[in-house]
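Sequential numbering of the sequence shown, starting at 28, is according to the working numbering.
Have a look at the structure below before the remarks.
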Amino acid sequence: MIYWQLLWVYLKIGILGFGGGYAMLSLIQHEVVDKYHWLDLKSFTDIVAISQMTPGPIGINSATYIGYSATGSIWGAVVATIAVCLPSFLMVLVISYCFVKFKTNKFVKAAFAGLRPMTISLIAAAVLLLINKENFIDYKSLIIFVMSFILLWKYNLHPISMICLAGVAGLILYW
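This is the structure we're talking about:
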């Protein structure tokens, strides 16, 4: 039963997850934490952090981790991963064929102009979902957040450097 639920949930996420992994986070959180209770918010946040640090797209990585966590089985990871990838694969296949033919069409251009700001709002919603008492447990976590934001925004540090620096800051501040 849980495998069918995973298949259905991740097919929906794959179909509706416009804007990539970060934009999908609010939908994933709703399904996995709020609706089916496969994970609590803390575990979900941990999986998002691990998914961000491991190679590959965050949406696919999180599907793999969540599928495994929800079922305790490799097959849960396989089902969730394939389900989240399949809609995108099929859509890209069809869209790439059509886009080559219609990319100069004014309706296609207008549709893409509408999709861009919506994608940014989905990413912003994902950020707001992750700002909670599980992630900001004290003033030290707020310091790490602010310093990371400044270093990324002002100095454009590489994300791997930021991950390493945040880990070192965590060791120093929480040891």
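Even glycine gets a Cβ: it sits at the ideal position worked out from N, Cα and C.
Remember, it's a predicted structure, so these values are computed and weren't measured experimentally.
Problem set entry | Close beta carbons around G86, own chain, < 7 Å, minus the five adjacent residues each side | Against the sequence shown, residue 86 aligns to sequence position 59. Closer than 7 Å at the Cβ level, and outside the excluded window around G86, lie G44, G47, G48, M51, V111.
Exercise. Contact between the segment 91 to 103 and the segment 182 to 197: three or more CB pairs below 8 Å?
Worked result: Verdict: no, contact absent.
For this session: Determine the extent of the alpha helix (DSSP H) in which S123 is found, giving its start and end residues.
Result: As a position in the sequence shown, residue 123 is number 96, starting the count at 1. Element bounds for S123: 101 to 129.
For this session: Quick one: grab the DSSP three-state call for I158.
Result: The residue you call residue 158 lines up with position 131 of the sequence shown. In the structure shown, I158 sits in coil (DSSP, three-state: anything other than H, G, I, E or B).
For this session: Could you please give the first and the last residue of the uninterrupted alpha helix (DSSP H) stretch that includes M51?
Result: Translated into positions along the sequence shown, residue 51 becomes position 24. That run of the alpha helix (DSSP H) goes 48 to 56.
Problem set entry | Burial state of N88 (16 or more Cβ within 10 Å) | Along the sequence shown, read from residue 1 onward, the residue named residue 88 stands at position 61. With 16 or more other Cβ atoms within 10 Å, it is buried.
Exercise. Could you give the distance in angstroms between the alpha-carbon of M174 and the alpha-carbon of A97?
Worked result: Here residue 174 is taken as the residue at index 147 of the sequence shown, counted from 1. Here residue 97 is taken as the residue at index 70 of the sequence shown, counted from 1. Whole-angstrom Cα-Cα distance: 34 Å.
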